[in-house]
Amino acid sequence: MKRSRLPLASFDRPARLLMVNQFAINLGFYMLMPYLADHLAHGLGLAAWAVGLVLGVRNLSQQGMFLVGGTLADRYGCKPMILTGCALRAVAFGLLAVAGSLPALMVASALTGLAGALFNPAVRAYLAADAGEERRVAAFAAFNVFYQAGILVGPLAGLALLAWNFGAVCTVAAVIFGALAVLQSRALPARPTPDRGAGPAWRAVAADWRAVAANRPFLLFAAAMSGSYVLAFQVYLALPLHARALFGERTGWVTGAVFAASALAALAGQLKLTAWAQRTLSGPRAVVWGLAVMGMAFVPLLPRSYGAPAGLCALTVCAVLLAWGGALLYPFEMDTVVRLAGDRLVATYYGAYNTASGIAISLGNLAVGALFDTGVRWLPWAALAATGLGCAGLVTRLHLGGHLAVRPAPVTG
């Protein structure tokens with residue numbers, strides 16, 4: 006693989022636009038979502054089960070519709086799905102600003118998730134096509150910098166807006182997504198879609214899904230990579246739970262500091278790690294190294310007892326290593342999905358891949374929660390470390406077995 010230039014100016018205009026778009030998407034999303042549960046529970050006085058239901062509807066609608074969103078992007082074009090997703094999220098966040106009843110909140114939450122399912126696979130498929138084979142890894146590395154920057158800035162912007170009220174946060178987030186839809190409708194070029202024939206749409210979609218289901222190397226890779234998403238999500242689950250055990254009422258600022266350290270580590274390390282990996286590693290080996298680093302991130306948390314300073318240090322080291330491991334593997338992971346798709350139905354493949362990762366996160370979080378409930382302090386961290394190393398071993402086996410070699414993806418009719 007040739008080494009690619011990473012500066013933003015080296016990419017074509019559509020790729021640059023999509024990167025800035027992703028920053029704005031994450032800015033709008035993360036200025037609102039971290040504070041939604043508190044708004045539902047304390048601002049609106051909903052019971053805990055209702056808060057969980059509203060949040061669960063968003064996750065279910067997004068993860069469950071990723072495959073549909075990817076399929077629509079391949080059939081009708083990536084640009085229409087990006088615009089529709091941004092516009093739909095603007096409507097959803099606007100509804101959250103005024104919704105006070107549980108049914109209205111559930112509709113807004115479902116629309117929020119559906120919007121993500123529409124534009125997420127489409128953005129990645131468009132970027133992969135625009136960058137081309139030689140620049141895909143570099144493009145996804147730069148894309149992830151903007152992605153992480155939005156995650157870092159979004160909660161800070163939301164916190165500032167909360168000085169007014171939660172409605173102000175929702176309104177600004179809605180305006181951001183509305184502006185994205187308008188700007189991209191004018192500035193983002195439409196990409197031609199392949200001729201799908203004159204037959205019924207459902208038959209073509211069924212053929213596409215059969216093609217994905219018949220692509221055994223892709224399915225094996227998706228299964229092997231599912232653990233990485235479980236590990237990355239622990240910044241939101243296991244690390245805050247551990248912070249609560251160590252710091253009690255000071256958990257909020259500790260979690261915020263750890264979250265910021267994670268985002269800053271990804272921002273600072275992404276381009277350097279990608280450039281190093283392109284010089285020294287093949288794509289599959291970069292993925293393996295990233296998974297191994299993510300698994301080893303949990304080793305500092307294995308000791309049974311920590312004082313507050315050492316505990317904060319261990320949490321920070323874990324978050325930073327998770328961010329670096331994810332940054333190392335992400336561009337090569339996205340490139341591998343395109344290669345295994347044979348550059349065909351890329352949005353559909355990304356949609357299926359995201360659906361698989363969403364299912365893995367849900368099941369993984371249940372397992373991690375159960376491990377915490379055992380009361381054995383080292384057990385969750387040992388299981389998470391083993392997950393990372395086990396996934397690294399699986400990807401190594403796939404690579405050595407030739408499953409990740411470039412080959413035509415199966416086509417069914």
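Quick note, this note's numbering runs 5 ahead of the 1-based positions in the sequence shown.
We treat Cβ as the ideally placed atom computed from N, Cα and C, and that holds for glycine.
Residue i: first and last residue of the uninterrupted alpha helix (DSSP H) it sits in
| i | result |
| --- | --- |
| A115 | 107-166 |
| M299 | 288-301 |
| D378 | 351-378 |
| A313 | 313-345 |
| G393 | 383-405 |
| G232 | 221-238 |
| R63 | 53-81 |
| R196 | Taken as a continuous stretch (DSSP letters only), R196 belongs to no alpha helix (DSSP H), as it is neither H nor E. |
| G183 | 171-192 |
| H247 | 243-252 |
Cα-Cα separation between residue i and residue j, rounded to whole angstroms
| i | j | result |
| --- | --- | --- |
| G398 | A211 | 33 Å |
| Q189 | R402 | 42 Å |
| G363 | E138 | 27 Å |
| A59 | Q67 | Here the sequence assigns Val to residue 59, which means Ala is not the residue at that position. Looking at the two C-alpha atoms, the distance is approximately 13 Å. |
| A14 | L276 | 14 Å |
| L107 | H47 | 14 Å |
| V25 | A143 | 15 Å |
| P19 | G33 | 21 Å |
| Q271 | F28 | Per the sequence shown, residue 271 should be read as Ala rather than Gln. Approximately 14 Å, taken between the alpha carbons. |
| N149 | A361 | 20 Å |
| L317 | S267 | 13 Å |
| A92 | A186 | 6 Å |
| G90 | A365 | 24 Å |
| C323 | L41 | 26 Å |
| W294 | L334 | 7 Å |
| H408 | A53 | 46 Å |
| R8 | R140 | For R8, the predicted structure reports a pLDDT of 44, less than 50, and the residue's modelled location is therefore unreliable. A value from the coordinates is still provided. So the two alpha carbons sit approximately 9 Å from each other. |
| G253 | W214 | 48 Å |
| P85 | Y358 | 21 Å |
| A133 | Y35 | 25 Å |
| G50 | H247 | 27 Å |
| A372 | A243 | 11 Å |
| G69 | A209 | 20 Å |
| H404 | T341 | 11 Å |
| Y152 | A55 | 30 Å |
| V128 | M339 | 12 Å |
| F3 | R191 | Beyond the ends of the chain as shown, which are 6 and 418, falls residue 3; an answer cannot be given. |
| L296 | A227 | 13 Å |
| Y81 | L320 | 45 Å |
| G495 | R284 | No answer is possible for residue 495: the residues shown for the chain start at 6 and end at 418. |
Cutoff 8 Å: residue i Cβ touching any chain D Cβ
| i | result |
| --- | --- |
| F223 | As a matter of chain content, chain D is missing from the structure shown, which is built from one protein chain. |
Three-state secondary structure (DSSP) of residue i
| i | result |
| --- | --- |
| V16 | Rather than Val, the amino acid found at residue 16 in this sequence is Phe. Reduced to three states, the DSSP call for F16 is coil. |
| L22 | helix |
| A471 | Lying outside 6 to 418, the shown extent of the chain, residue 471 is not represented and no answer is given. |
| H408 | coil |
| A104 | coil |
| M86 | helix |
| C43 | The sequence given here has Asp at residue 43, not Cys. Of the three classes helix, strand and coil, the one that applies to D43 here is helix, per DSSP. |
| P305 | helix |
| D348 | coil |
| G48 | helix |
| L32 | helix |
| L37 | coil |
| S9 | Any reading at S9 is ruled out, since the residue's pLDDT is 42, under 50, leaving its predicted position unreliable. |
| T417 | With a pLDDT of only 49 at T417, under the threshold of 50, the placement of this residue in the model should not be trusted; the figure read from the coordinates follows. In the structure shown, T417 sits in coil (DSSP, three-state: anything other than H, G, I, E or B). |
Heavy atom of the ligand GDP within 7 Å of residue i beta-carbon
| i | result |
| --- | --- |
| A192 | The ligand GDP is absent from the structure shown, which contains no ligand whatsoever. |
- Cβ pair count under 8 Å reaching 3, the segment 293-310 against the segment 377-395: Touching, yes.
- Touching by the beta-carbon criterion (3+ pairs, under 8 Å), the segment 155-170 and the segment 284-298: Short answer: they don't touch.
- Message: Count Cβ pairs between the segment 325-340 and the segment 231-243 that sit closer than 8 Å; are there 3 or more?
- Response: Inter-segment contact for the segment 325-340 and the segment 231-243 is present: three or more beta-carbon pairs are separated by less than 8 Å.
- Task: Pair every Cβ in the segment 174-189 with every Cβ in the segment 99-106, then say whether three or more of these pairs are closer than 8 Å.
- Result: As far as the Cβ criterion goes, the segment 174-189 touches the segment 99-106, which means the pair count is three or higher.
- Item | Cβ contact (3+ pairs, closer than 8 Å) linking the segment 191-199 and the segment 116-126 | These segments do not touch.
- Would you call the segment 344-354 and the segment 220-235 touching, i.e. three or more CB-CB distances under 8 Å? The segment 344-354 is in contact with the segment 220-235.
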